[in-house]
Amino acid sequence: MSAIGHYLESAGIATASISLVREHTEVMQPPRALWVPFPLGRPLGVPHNAAFQRKVLKALLGLFERHSGPVLEDFKEDAPPDTAWAPTDVQGEACPVFFDSPPEQAGELLSVLRDELDQLAPWQALAAHRRGASAFGLAGQTPAALAGQLVALTDASSTSSSDWQSAKLAVDDLRTFYEEAAASQPSPLAPAALAEWFYTKTQLGRLLHTLRQLGLAHEDATARQIADRMLIPRKFHVDH
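Here the sequence shown stands for residues 116 to 355, numbered as in my numbering.
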C-alpha cells in the first residue's frame with residue numbers, strides 16, 4: 116500500500132492507509148498512515164462493532180487535514196473484545212496456556228513445540244470449520260514443519276538473509292494458526308490479551324525471543340532488521 120500511495124500522490128490523489136506493523140511503515144514512509152495496535156488481519160480492530168470501526172476510520176480520515184508528510188500517527192486505543200464471536204457448542208473447555216520453562220536443547224524444544232501445536236490443532240480446526248475457511252497455510256507447510264524450520268535456525272552454525280526471510284514467513288503463518296486456535300475458545304481473548312498470550316506465554320513466543328536475540332547479532336543487515344522489527348512487536352521486546 117505504501118508504494119501505491121506514493122504513486123497515487125504523484126498523480127495528485129491524496130491517500131491515507133492503516134498500518135498494522137509500525138516498523139514497516141517507518142521504513143516505507145507512505146504519505147499518510149495511521150498505526151493501529153490490532154492483530155494482523157483486523158485493521159479496524161474488531162468485527163461487528165460499527166461504533167469502534169467508525170472511530171478508527173475518523174482517525175484515518177483526519178490525516179487528510181495534514182497536507183505534507185510523510186505522516187505517521189498512532190491510534191491509541193486497544194480494540195474491545197469481540198463479543199459477537201461467542202461459540203455456543205463447546206462448553207467447559209479453554210484454550211491451553213503454557214507456562215513451563217523452555218527447554219535448552221533444540222531437539223527438546225521441537226518436541227515441546229509439537230506438543231503445543233497438537234494441543235492447539237483441534238481449536239484451530241474448529242475455528243476453520245466455523246468460519247468456512249482458514250488464513251493459515253500461506254507458507255505451504257504444516258505447523259510442525261514450520262516450527263522445525265524455526266528451531267533449526269536457532270541451532271544452525273551459520274544462516275543467510277534468505278533463511279531469515281523464510282523464517283519471517285513461517286512466523287507469520289504460525290501466528291495465524293495460534294490466533295485462530297485462541298479465537299475458537301468459549302471466551303475469546305481481547306486482541307491485547309491475545310498478543311500477550313502469544314508472545315509471552317507460549318513456547319513459540321519464547322522461541323521468537325530467542326530468535327530475535329540471535330538475529331540482532333547477525334552480520335547481515337537484512338537478518339538484523341527482520342529480527343529487530345518483524346518477529347515481535349516492539350512492546351514485547353525484552354530490552355524495550
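We put the beta carbon where it would ideally sit given N, CA and C, even for glycine. In this text, all values refer to a predicted model and were calculated from it rather than measured experimentally.
**Report entry** Backbone CA spacing between Leu228 and Leu253 [nearest angstrom]
**Finding:** 20 Å
Report task. With DSSP as the reference, label Arg157 as helix, strand or coil. Result -> In the structure shown, the three-state DSSP call for Arg157 is coil.
**Report entry** contact_flag[the stretch 233-252, the stretch 288-299] where n(CB pairs < 8 Å) is 3 or more
**Finding:** yes
Query - Touch test, the stretch 135-143 against the stretch 166-174, Cβ-Cβ under 8 Å, three pairs minimum - result: no
Report task. Verify whether the separation of the beta carbon atoms of Thr269 and Leu346 is less than 8 Å. Result -> No, the Cβ-Cβ distance between Thr269 and Leu346 is not below 8 Å.
Query raised in the report: In chain order, what residues of the same chain have a beta carbon less than 7 Å from the beta carbon of Leu261, not counting five sequence neighbours either side?
Result: Ala254, Ala285, Asp288, Leu289
Requested in this report: Output yes or no for whether 8 Å exceeds the beta carbon distance between Ala131 and Leu175.
Outcome: The Cβ-Cβ distance between Ala131 and Leu175 falls below 8 Å.
Query raised in the report: Should Pro145 go down as buried or exposed, given a rule of 16 or more other Cβ atoms within 10 Å for buried?
Result: Buried, by the Cβ-count rule.
Query - Contact set for Leu135: own chain, Cβ-Cβ below 7 Å, skip 5 residues either direction - result: Val151, Phe153, Leu155, Pro158
Query raised in the report: With DSSP run on the structure shown, which of helix, strand or coil describes Glu334?
Result: coil
Report task. For the beta strand (DSSP E) holding Arg147, just list the boundary residues, first then last. Result -> 147-150
Report task. Give a yes or no on whether the C-beta atoms belonging to Leu356 and Arg339 are separated by under 8 Å. Result -> Lying before the first or after the last residue shown, residue 356 is absent from the chain, which here runs from 116 to 355.
Query raised in the report: Ordered along the chain, which non-local residues of its own chain (more than five positions away) have a Cβ less than 7 Å from that of Leu232?
Result: Pro258, Ala259, Ala262
Query raised in the report: Whose CA, out of Ser273, Ala194, Ala126, lies closest to the CA of Asp335?
Result: Ser273
Requested in this report: Taking only the alpha-carbon atoms, compute the straight-line gap between Arg147 and Glu180 and give it to the nearest angstrom.
Outcome: 10 Å
Requested in this report: Could you name the residues of the same chain whose beta carbon sits closer than 6 Å to that of Tyr293, not counting the 5 residues immediately before and after it, in chain order?
Outcome: Phe313
Requested in this report: Just the C-alpha distance for Phe214 and Ser302, rounded to the nearest angstrom, thanks.
Outcome: In this prediction, Phe214 scores a pLDDT of 44, lower than 50, which makes its location untrustworthy; no coordinate-derived value is stated.
**Report entry** Beta-carbon proximity check, Ala296 vs Trp238, cutoff 8 Å
**Finding:** yes
Requested in this report: Starting from the C-beta of Trp279, find all residues in its chain whose C-beta is less than 8 Å away, skip the five residues before and the five after it, and write them out in chain order.
Outcome: Leu268, Gly330, His333, Asp335, Thr337, Ala338, Ile341, Ala342.
Report task. Determine the direct distance from the alpha carbon of Glu192 to that of Ala129, and round the result to whole angstroms. Result -> 25 Å
Requested in this report: May I ask which residues mark the beginning and end of the alpha helix (DSSP H) holding Glu138?
Outcome: 137-143
Query raised in the report: What number of angstroms, rounded off, separates the C-alpha of His182 from the C-alpha of Ile133?
Result: 17 Å
Query raised in the report: How about Asp343: is its Cβ closer than 7 Å to a heavy atom in the ligand HEM?
Result: As for the ligand HEM, it is missing from this structure, which has no ligand bound.
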